Ligand code: MF3
Ligand code: CO
Ligand code: CO
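In our numbering, the protein residues as written are 6 to 265.
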């Protein structure tokens with residue numbers, strides 16, 4: 006069942022998504038060599054609670070963090086830990102907030118200090134592919150058009166798409182129908198309609214697309230140990246077009262010319 010949102014509900018979605026975007030802006034202030042991922046998680050949790058939200062990942066299916074932490078070869082769903090960030094790492098922080106009964110979901114992959122230009126290129130392409138996917142959100146087109154736009158953009162640049170994980174509908178629940186894959190054929194899947202709210206989130210690898218799950222049951226990493234990048238926005242379909250409910254502007258304000 007795909008729940009189409011009313012304009013009142015989309016306004017509530019906007020509030021949740023603004024809060025989650027501001028949360029990653031706070032996290033951005035702390036990303037640096039020497040900082041533990043646990044510290045970033047605490048910053049995010051306290052900021053969300055101080056602003057009347059609920060950290061929706063915390064306790065979700067037993068997940069132990071406010072943030073999913075994605076260092077280097079970790080694709081998604083890594084735990085906050087006492088790992089200390091090092092110069093040259095990349096770290097994805099994926100966060101979901103519930104606010105007034107609705108969810109906001111966003112992820113940003115940060116460089117830690119100076120990083121390998123090849124890894125920077127992976128991050129840039131992944132982020133650009135997110136916007137290609139968003140541009141493909143047109144009323145009357147299909148979910149496969151979003152998927153294909155992301156896949157085509159990334160594969161043309163020599164990267165691979167993780168297939169085991171997808172974007173998703175979002176609203177009163179963190180994960181709703183439909184699934185939004187990052188690969189697939191044009192013209193297939195559910196029709197895109199006004200009122201749809203979607204989390205679009207390419208997960209893109211430098212090496213092979215294959216992934217493995219650690220013995221903790223959650224942490225998903227590339228099989229070959231090569232880096233993976235992940236960016237995510239939540240959008241709402243309004244008047245035939247995507248309205249991006251999350252924003253990286255708060256991150257950009259903090260990072261300045263280090264913003265990817
Ligand atoms: N934020 C993730 C997503 O983009 C889901 C988090 S799983 C959780 O869909 F267990 F951490 F909540
Ligand atoms: Co997410
Ligand atoms: Co998501």
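Virtual Cβ for every residue (Gly too), placed ideally from N, Cα, C.
Here the structure is a predicted model, which is why all the values come from computation and not from measurement.
query = Span of the alpha helix (DSSP H) holding residue 266?
reply = Given that the chain is displayed from residue 6 to residue 265, the structure contains no residue 266 and the question cannot be resolved.
task = Give the DSSP-derived three-state secondary structure of residue 85 in the structure shown.
result = Against the chain shown, residue 85 aligns to sequence position 80. Coil, per DSSP.
message = Classify residue 80: buried if its beta carbon has 16 or more other beta carbons within 10 angstroms, exposed otherwise.
response = Sequence index remark: in the chain shown, residue 80 carries index 75 (1-based). So residue 80 ends up on the buried side.
query = Smallest Cα separation from residue 245: which of 218, 239, 255 and 197?
reply = Reading the chain shown from its first residue, position 240 is the one you call residue 245. Of the listed residues, the one whose Cα sits closest to residue 245 is 197.
key: Check whether residue 170 and residue 112 have beta carbons under 8 Å apart   = On the chain shown, residue 170 is found 165 positions in, with the first residue counted as 1. On the chain shown, residue 112 is found 107 positions in, with the first residue counted as 1. No, the Cβ-Cβ distance between residue 170 and residue 112 is not below 8 Å.
message = Just to confirm my understanding: we take residue 105, look at its own chain, exclude 5 residues before and 5 after, and list those with CB closer than 8 Å. What are they?
response = Taking the first residue of the chain shown as position 1, residue 105 is located at position 100. So the qualifying residues of the chain are 17, 20 and 21.
query = For residue 174, which beta-bridge partners are listed by DSSP?
reply = Position 169 of the chain shown, counted from the start, is the residue given in the question as residue 174. For residue 174, which the question treats as bridged, DSSP gives the partners 181 and 203.
request  = Out of 123, 71 and 49, state which residue places its alpha-carbon closest to the alpha-carbon of residue 93.
outcome  = Walking along the chain shown from the start, residue 93 turns up at place 88. Of the candidates 123, 71 and 49, the one whose C-alpha sits nearest the C-alpha of residue 93 is 123.
task = Just mark residue 12 as buried or exposed, buried being the case when its beta carbon has 16 or more other beta carbons within 10 Å.
result = Position 7 of the chain shown, counting from 1, holds the residue named residue 12. So residue 12 counts as exposed.
ask   = Expressed to the nearest angstrom, what Euclidean distance is found between the alpha-carbon atoms of residue 262 and residue 54?
value = The residue given as residue 262 occupies position 257 in the chain shown. The residue given as residue 54 occupies position 49 in the chain shown. If I take the Cα positions, the gap works out to 30 Å.
request  = Would you be able to state if there are at least three C-beta pairs under 8 Å between the segment 160-167 and the segment 95-109?
outcome  = no
request  = Please classify residue 236: does DSSP put it in a helix, a strand, or coil?
outcome  = As a working mapping, residue 236 is identified with position 231 in the chain shown. Residue 236: coil per DSSP, three-state reduction.
query = Would the segment 230-239 and the segment 201-213 be scored as touching if the rule is three or more Cβ pairs under 8 Å?
reply = yes
ask   = What is the C-beta distance between residue 131 and residue 235, in whole angstroms, given that I count them as a contact (C-beta under 8 Å)?
value = Start at 1 with the first residue of the chain shown, and residue 131 comes out as number 126. Start at 1 with the first residue of the chain shown, and residue 235 comes out as number 230. Contact flag correct, Cβ pair sits at about 7 Å.
inquiry  = Using only the alpha-carbon positions, how far apart do residue 51 and residue 30 sit?
reply    = Looking up residue 51 in the chain shown gives position 46. Looking up residue 30 in the chain shown gives position 25. When rounded, the distance between both Cα atoms is 13 Å.
key: Closest Cα partner of residue 41 within the set 8, 59, 25 and 96   = Taking the chain shown and counting its residues from 1, one reaches residue 41 at position 36. Among 8, 59, 25 and 96, the Cα nearest to that of residue 41 is on 96.
inquiry  = Can you find the residues in the same chain that come closer than 6 Å, C-beta to C-beta, to residue 207, ignoring five residues on each side of it along the sequence?
reply    = Here residue 207 is taken as the residue at index 202 of the chain shown, counted from 1. Cβ neighbours of residue 207 beyond the five flanking positions: 131, 134, 135, 155 and 187.
C-alpha gap between residue 57 and residue 8, whole angstroms = Residue mapping note: residue 57 aligns to position 52 of the chain shown, counting from 1. Residue mapping note: residue 8 aligns to position 3 of the chain shown, counting from 1. Rounded to the nearest angstrom, the two C-alpha atoms are 25 Å apart.
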